[in-house]
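K.L.:
Handing you this structure, nothing more for now.
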Amino acid sequence: MGLPWKIMKSAVLAMVCLALPSLAETSQNVPLKITCQVTGLFAEDRQPDLRKVFGSIPSVKLIAIQYSKAEVTLEYAAKEFSNAKPDQVVKRLDDLVRNASRHALGIKPLSLTPREKLKLIEIQVEGLDCKGCALAAYEVVARVEGVERATASFKKGLITALVDPSKVDRGQLEKALKAREVHIKAP
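So the mapping is simple: my numbering equals the position in the sequence shown, first residue as 1, plus 52.
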């Protein structure tokens with residue numbers, strides 16, 4: 053009556069397994085998503101610049117921008133970041149974005165400080181007459197330890213910083229700005 057059932061079952065199972073890609077290959081082809089904080093997104097009108105940068109990085113797709121949180125959701129092919137741990141993925145993404153934007157934009161992990169524990173500080177400034185000046189002022193503030201998010205508007209003459217008040221205060225931000233010769237408006 054032909055081959056015994058167990059032998060046929062084993063043969064069919066072997067053929068199916070040979071026809072399927074390996075588990076490792078399958079997991080490498082699955083796109084992965086990650087949400088990160090983006091640096092350099094200091095004004096809403098920088099969003100087209102951010103989209104252009106991601107358009108030039110074929111291995112990463114920009115899914116969403118949340119300007120109010122300075123966050124992006126990205127999709128990337130696992131095979132492009134094989135053997136990378138989660139913190140290494142963020143570092144690799146940062147390297148790609150920094151290179152594509154000539155170091156004007158970057159990626160970092162999401163903040164671990166709950167938003168309700170952060171304080172908003174607004175500083176009126178003078179002399180921000182272009183995007184370059186606004187970027188320079190933004191970078192001064194964004195690099196201060198304890199600043200979770202910053203913006204700089206040359207149109208409004210305003211620097212904002214969402215800070216961890218246990219690490220930084222308004223005086224420290226003003227001191228950093230003055231050291232870079234950013235003029236602070238008198239209240």
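Even glycine gets a Cβ: it sits at the ideal position worked out from N, Cα and C.
Return the chain-ordered list of same chain residues with a C-beta closer than 7 Å to the C-beta of A228, the five sequence neighbours on each side being excluded.
P.N.:
By 1-based counting over the sequence shown, the position of residue 228 is 176. Taken in chain order, the residues that qualify are V192, V193 and V196.
K.L.:
Report, in whole angstroms, the separation of the C-beta atoms of L170 and V215, which I expect to be a contact under 8 Å.
P.N.:
As a first step, residue 170 is located in the sequence shown; it is residue number 118 there, counting from the start. As a first step, residue 215 is located in the sequence shown; it is residue number 163 there, counting from the start. Right, the Cβ-Cβ distance comes to about 6 Å (below 8 Å), so this counts as a contact.
K.L.:
Per DSSP, which residues does E174 bridge with? Please list them.
P.N.:
Translated into positions along the sequence shown, residue 174 becomes position 122. Looking at the DSSP assignment, E174 forms a beta bridge with T212.
K.L.:
Rounded to whole angstroms, what's the CA-CA distance from C88 to K137? Just pull it up for me.
P.N.:
Residue 88 sits at position 36 when you count from the first residue of the sequence shown. Residue 137 sits at position 85 when you count from the first residue of the sequence shown. One C-alpha to the other measures close to 15 Å.
K.L.:
Can you check which of these residues, Y119, L162 and A231, is closest to A49 by C-alpha distance?
P.N.:
Because the chain here runs from 53 to 239, residue 49 falls outside it and cannot be looked at.
K.L.:
Kindly list the residues whose CB is nearer than 7 Å to the CB of I117, restricted to its own chain and excluding five residues on each side of it in sequence; keep chain order.
P.N.:
Locating residue 117 in the sequence shown gives position 65, counting from the first residue. Hits under 7 Å: Q99, L102 and V124.
K.L.:
From P110 to E200, what does the alpha carbon distance come to, in whole angstroms?
P.N.:
As a position in the sequence shown, residue 110 is number 58, starting the count at 1. As a position in the sequence shown, residue 200 is number 148, starting the count at 1. About 29 Å.
K.L.:
In terms of alpha-carbon separation, which member of V141, L157 and E168 lies closest to F106?
P.N.:
Within the sequence shown, residue 106 is the residue found at index 54, counting from 1. Of the candidates V141, L157 and E168, the one whose C-alpha sits nearest the C-alpha of F106 is L157.
K.L.:
Using 10 angstroms around the beta-carbon of L148, count the other beta-carbons present and answer buried if the total reaches 16, otherwise exposed.
P.N.:
Taking the first residue of the sequence shown as 1, we reach residue 148 at position 96. With 16 or more Cβ atoms within 10 Å of its Cβ, L148 is classed as buried.
K.L.:
Just how far apart, CA to CA, sit D181 and A129?
P.N.:
Locating residue 181 in the sequence shown gives position 129, where the first residue counts as 1. Locating residue 129 in the sequence shown gives position 77, where the first residue counts as 1. Cα-Cα distance, rounded: 40 Å.
K.L.:
So which of A213, A189, R222 and G198 has the shortest CA-CA distance to F206?
P.N.:
Within the sequence shown, numbered from 1, the residue matching residue 206 stands at position 154. Closest by alpha carbon: A189.
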